[in-house]
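Enquirer: For reference, the structure I am asking about is given below.
Residue numbers (our numbering): 7 to 458.
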């Protein structure tokens with residue numbers, strides 16, 4: 007068992023693997039159960055409270071990690087939460103879903119001294135959850151009203167973070183969301199075992215406690231609203247639309263029943279209660295190498311799929327999914343096959359499986375097929391080969407490499423229109439990066455409005 011596997015087993019309390027569960031709902035309990043006060047106190051006392059701490063530098067939102075941990079150790083979890091939330095208003099979600107093992111915890115100096123980092127993510131969750139559970143007044147106050155109004159497109163992490171910070175700065179904000187619920191990927195795109203007890207919605211409700219923010223639902227850009235109207239009506243616009251389209255395999259039969267995008271599968275499962283009502287195939291293939299692929303594969307297995315095979319075109323070291331996520335798939339009984347690409351969907355009146363070609367790197371380092379093929383049976387295929395931006399109604403904005411181009415102040419090439427989150431290229435496509443984008447864009451919008 008690797009260090010990450012041991013960490014996972016200790017944090018989750020049990021490892022689910024082998025055949026499907028007798029009760030599928032049992033497989034969707036919290037992946038990392040919350041700390042008790044005793045556990046939080048003990049773990050916080052492991053922190054060395056480093057000066058110029060590397061964990062802070064590794065955090066995209068620059069949370070003062072030593073400061074909030076010290077507050078936990080001295081019995082002040084609410085103060086710790088305020089330190090966290092002042093930098094990252096969605097610190098509760100990030101504590102649950104952020105790949106801390108490759109960010110703050112990887113940078114922890116305890117890795118050198120003891121080979122085990124301080125459990126920063128669990129401590130962050132403890133503090134934020136403690137504050138939210140107490141039903142206290144919102145921890146941040148609004149500045150005097152400026153009389154300015156801002157339109158935010160998308161109620162995902164970037165949009166909500168922008169809205170909250172803009173409201174703090176005294177502006178009034180209207181958020182336009184295409185779906186019937188807020189939260190973006192926090193609500194629709196994360197594995198159910200990462201976001202239990204409707205936390206995404208509780209976090210949004212908490213965030214809205216600042217005041218000055220309205221959300222209008224079922225308002226899709228390019229369909230129900232357009233940028234020209236928003237620019238005319240509001241003093242500034244922030245676009246946080248994420249990546250709304252998914253990449254295709256380009257194979258015949260891709261529209262066959264049983265072939266779906268992994269993100270759709272995850273979304274349907276997140277909105278299904280009880281989880282056992284969600285249909286799943288007996289033999290499931292998941293194609294991809296990122297966290298979405300892992301989330302889909304593990305959840306298919308936990309729903310009771312007899313065999314789940316994850317196929318990736320390169321080696322394990324090339325997967326964008328972290329080592330922790332890869333280990334999670336394997337300990338849940340997912341079969342992982344590397345160095346193979348899909349070449350055909352097999353069907354005969356019903357979905358039968360897929361044909362794959364083995365791959366390798368040629369002398370120049372280019373990925374090529376070897377000509378050797380194999381087949382994997384399947385009655386369900388889930389594609390997780392990346393997402394791309396929907397360009398509907400983004401006229402006037404420069405788009406390069408599938409991302410909206412912004413300057414250092416998050417302003418697009420369309421005057422008065424700012425953007426952030428997965429739809430721009432600012433770092434890894436992570437919730438924590440989107441939160442930082444939204445926060446910094448709101449600060450930039452504030453300066454823009456003051457100079458107008």
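Here a beta-carbon is modelled for each residue, glycine too, at the ideal position from N, C-alpha and C.
For clarity, every value in this text was computed on a predicted model and none was experimentally measured.
For the region 323–330 against the region 95–108, do three or more pairs of beta-carbon atoms, one drawn from each stretch, fall closer than 8 Å, so that the two count as touching?
Expert: Result yes; three or more Cβ-Cβ pairs closer than 8 Å.
Enquirer: Report yes or no: do three or more beta-carbon pairs, one from the region 290–310 and one from the region 263–273, lie closer than 8 Å?
Expert: Yes, the region 290–310 touches the region 263–273.
Enquirer: Based on Cα-Cα distance, which residue from 348, 458, 119, 211 lies nearest to residue 389?
Expert: Among 348, 458, 119, 211, the Cα nearest to that of residue 389 is on 348.
Enquirer: Could you pull out every residue in the same chain whose Cβ sits closer than 6 Å to the Cβ of residue 403, ignoring the five residues on either side in sequence?
Expert: Result list for residue 403: 410, 418, 419, 420, in chain order.
Enquirer: So, for residue 148: in the same chain, excluding its five sequence neighbours on each side, which residues have a beta-carbon less than 7 Å away from its beta-carbon?
Expert: If we look at residue 148 and ignore the five residues flanking it on each side, its Cβ neighbours are 173, 174, 176, 216, 217, 218.
Enquirer: With 16 as the cutoff for other CB atoms within 10 Å, does residue 203 come out buried or exposed?
Expert: Burial call: exposed.
Enquirer: Nearest-angstrom Cα distance between residue 450 and residue 387?
Expert: Those two C-alpha atoms are separated by around 43 Å.
Enquirer: Taking the continuous alpha helix (DSSP H) assigned at residue 269, which residues delimit it?
Expert: It spans 268–276 - the alpha helix (DSSP H) in which residue 269 sits, taken as one unbroken run.
Enquirer: If I measure Cβ to Cβ from residue 77 and keep anything under 6 Å in the same chain, skipping five residues before and after, which residues do I get?
Expert: 85, 86.
Enquirer: What are the boundary residues of the alpha helix (DSSP H) that includes residue 239?
Expert: Its alpha helix (DSSP H) spans residues 233–239.
Enquirer: Please state the DSSP three-state secondary structure of residue 44.
Expert: DSSP places residue 44 in helix when its eight states are reduced to three.
Enquirer: Quick one: what does DSSP say residue 447 is sitting in, helix, strand or coil?
Expert: Helix at residue 447.
Enquirer: Starting from residue 289, follow the beta strand (DSSP E) in both directions and report where the run begins and ends.
Expert: First-last of the beta strand (DSSP E) with residue 289: 289–293.
Enquirer: Between which two residues does the alpha helix (DSSP H) holding residue 358 run?
Expert: That residue, residue 358, is in no alpha helix (DSSP H); its beta strand (DSSP E) goes 357–367.
Enquirer: For residue 370, is the classification buried or exposed, using 16 other Cβ atoms within 10 angstroms of its Cβ as the cut-off for buried?
Expert: Exposed: under 16 other Cβ atoms inside 10 Å.
Enquirer: Along the chain, where does the alpha helix (DSSP H) that runs through residue 91 open and close?
Expert: Run containing residue 91: 83–93, per the alpha helix (DSSP H) assignment.
Enquirer: Report all residues from its chain with a CB closer than 6 Å to the CB of residue 178; omit the five preceding and five following residues, and keep chain order.
Expert: 155, 218, listed in sequence order.
Enquirer: So, for residue 232: in the same chain, excluding its five sequence neighbours on each side, which residues have a beta-carbon less than 8 Å away from its beta-carbon?
Expert: Excluding residues within five positions, the ones whose Cβ falls inside 8 Å are 399.
Enquirer: Need the endpoints of the alpha helix (DSSP H) that residue 335 sits in, please.
Expert: Residues 329–337.
Enquirer: Quick check: residue 34 and residue 206, are their CB atoms within less than 8 Å of each other?
Expert: It is not a contact, given that the beta carbons lie outside the stated cut-off.
Enquirer: Is it buried or exposed, residue 307, if we count other Cβ atoms within 10 angstroms and call 16 or more buried?
Expert: The residue in question, residue 307, is buried, as its Cβ has 16 or more Cβ neighbours within 10 Å.
Enquirer: For a test of your reading of the model: does the CB of residue 257 fall under 7 Å from any non-hydrogen atom of the ligand FMN? Yes or no.
Expert: By its list of ligands, the structure shown contains no ligand whatsoever, and the ligand FMN lies outside what it can speak to.
Enquirer: With burial defined as no fewer than 16 other Cβ atoms inside 10 Å of the residue's Cβ, what is the status of residue 28: buried or exposed?
Expert: Confidence at residue 28 is low in this model, with a pLDDT of 43, below 50, so its placement is unreliable and no value can be given for it.
Enquirer: Note down, in chain order, each residue of its chain lying with its Cβ closer than 8 Å to the Cβ of residue 362, except the 5 sequence neighbours on either side.
Expert: Around residue 362: 317, 343, 346, 347, 348, 349, 379, 380, 381, 382.
Enquirer: Could you check whether the region 162–170 touches the region 135–143, counting it as contact only if at least three pairs of C-beta atoms, one from each stretch, sit closer than 8 Å?
Expert: Output reads no: the region 135–143 does not touch the region 162–170.
Enquirer: How is residue 409 classed by DSSP in three states: helix, strand or coil?
Expert: The answer is strand: DSSP assigns residue 409 an E or B state.
Enquirer: Out of 416, 415, 394, 401, which one is the CA nearest neighbour of residue 407?
Expert: The residue with the shortest Cα to Cα distance from residue 407 is 394.
Enquirer: Compute the Euclidean distance between the alpha carbons of residue 431 and residue 355, then round it to the nearest angstrom.
Expert: Computed Cα separation, rounded: 43 Å.
Enquirer: Tell me the residue span of the beta strand (DSSP E) that contains residue 351.
Expert: 346–353 is the extent of the beta strand (DSSP E) around residue 351.
Enquirer: As an exercise, report each continuous beta strand (DSSP E) stretch of at least 3 residues that is fully enclosed by the region 142–170, in chain order.
Expert: Entirely contained in the region 142–170, the beta strand (DSSP E) runs reaching 3 residues are, in chain order, 155–159.
Enquirer: Decide yes or no for the touch test of the region 55–68 against the region 106–126: beta carbon pairs closer than 8 Å, at least 3 of them.
Expert: The answer is yes - the region 106–126 touches the region 55–68, with three or more Cβ pairs under 8 Å.
Enquirer: Residue 452 and residue 440: beta carbons closer than 8 Å?
Expert: No, these two residues do not count as a Cβ contact at 8 Å.
Enquirer: Our contact map puts residue 444 next to residue 246 with C-beta atoms below 8 Å; I'd like the distance itself, whole angstroms only.
Expert: With a Cβ gap of about 6 Å, residue 444 and residue 246 count as contacting.
Enquirer: Under three-state DSSP, which class holds residue 442?
Expert: Helix at residue 442.
Enquirer: Can the beta-carbon of residue 74 be found less than 8 Å from the beta-carbon of residue 119?
Expert: Contact: no.
Enquirer: Once DSSP output is grouped into helix, strand and coil, what is the label at residue 68?
Expert: Here residue 68 sits in coil by DSSP.
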